[in-house]
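Trainee:
Numbering (the numbering used here), first residue to last: 1 to 261.
#1: Name the one or two DSSP bridge partners that residue 16 has.
#2: Exposed or buried, residue 96, counting other C-beta atoms within 10 Å across all chains shown (16 or more means buried)?
#3: Decide if the segment 221–240 is in contact with the segment 205–212; the criterion is three or more beta carbon pairs, one per stretch, under 8 Å apart.
#4: Looking at residue 184: is its Cβ nearer than 8 Å to the Cβ of residue 217?
#5: Which of the three DSSP states is assigned to residue 31 in this structure?
#6: Taking 7 Å as the limit between beta carbons, can you name the residues of its chain near residue 15, skipping five residues before and five after?
#7: Among 111, 138 and 224, whose alpha-carbon lies nearest the alpha-carbon of residue 99?
#8: How long is the line joining the alpha carbons of residue 19 and residue 3, rounded to whole angstroms?
#9: Counting Cβ pairs, one atom from each stretch, are 3 or more of them under 8 Å apart for the segment 61–72 and the segment 103–117?
#10: Give me whichever residues DSSP pairs with residue 62 in a beta bridge.
#11: Residues in the same chain with beta-carbon distance under 6 Å from residue 222, minus the five sequence neighbours each way, listed in chain order, please.
#12: Closest by CA to residue 102, which one among 141, 212 and 161?
#13: Looking only at DSSP bridge pairs, what is residue 164 linked to?
#14: Which residues in the same chain have their Cβ closer than 6 Å to the Cβ of residue 150, if we skip the five residues on either side of it in sequence?
#15: Of all the alpha helix (DSSP H) runs that stay within the bounds of the segment 176–231, which reach a length of 4 or more residues?
#16: Leaving out five residues before and five after residue 43 in sequence, what residues of the same chain have Cβ atoms less than 6 Å from its Cβ?
#17: Please work out which residues of its chain come closer than 8 Å, Cβ to Cβ, to residue 252, disregarding the five sequence neighbours upstream and downstream, and give them in chain order.
#18: Would you list the one or two residues that DSSP bridges to residue 103?
#19: Roughly how many whole angstroms lie between the Cα atoms of residue 61 and residue 159?
#20: Thinking residue 76 and residue 146 are a contact (beta carbons under 8 Å), I'd like their distance in whole angstroms, please.
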């Protein structure tokens, strides 16, 4: 099969640029996941010279889309793994941006509600109103995490109009509500996501997920309870240790997990 007809020889756009655009479109469509064609294959398929192919490939290589090493067949570069050190209050926004990926969030739910289970996690009375925020977190345009956050209603009131599409919750908390988080605790476990959550994350059947339950405090009280469901193939937690300090580990029996509300 030849794709030479896809390239316009009369266009002011150089052939290498046209070829680059075609290859990017095919990559976005999910082609080449298992095998990226070589220079000779592409030259024959598109009816162009190897110099034209090399220039298109050079652009793909320079932007980190493919890996092309001398004497080896080109391959699609793996998706960057988002790493987060243990023992720090972090934002997923910063972790994603540090990996060189654009972070975007889609707000699915933002309201005030009563939730006795969440109120208990926050040390509040069961009837106390809570601010609830659910976001689908994207990294590089692809689903990464499903984030569900509960805050006391008086804190969340200042976040009703916040644009969470490209910012961190903690940034908005400090800027809008004057709340600065100083301590926190997380519990991380492997889970089998519910079917609806798996679909939102576009999670293949053979890929695991992590559930991160987090409580954070300001100087006086627990301000946040967050449950984050995150793709296990795109996120890793790391810890530093040494012969002197060892590796701090809090190992304890854990009650069976319950689905996040």
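The beta carbon of each residue, even a glycine, is placed where N, CA and C say it ideally should be.
Mentor: Straight from the coordinates:
#1: Residue 16 is not bridged to any residue.
#2: buried
#3: yes
#4: yes
#5: coil
#6: 7, 48 and 52
#7: 138
#8: 10 Å
#9: no
#10: According to DSSP, which records beta bridges pairwise, residue 62 is partnered with nothing at all.
#11: 122, 123 and 215
#12: 141
#13: Paired residue(s): none; residue 164 is not in a bridge.
#14: 118, 130, 132 and 225
#15: 195–200
#16: 50 and 53
#17: At residue 252, the pLDDT of 43 sits below 50, so the modelled position is not reliable; the number obtained from the coordinates is stated separately. Hits under 8 Å: none found.
#18: 139
#19: 42 Å
#20: At roughly 26 Å, the Cβ-Cβ gap does not stay under 8 Å, so residue 76 and residue 146 are not in contact.
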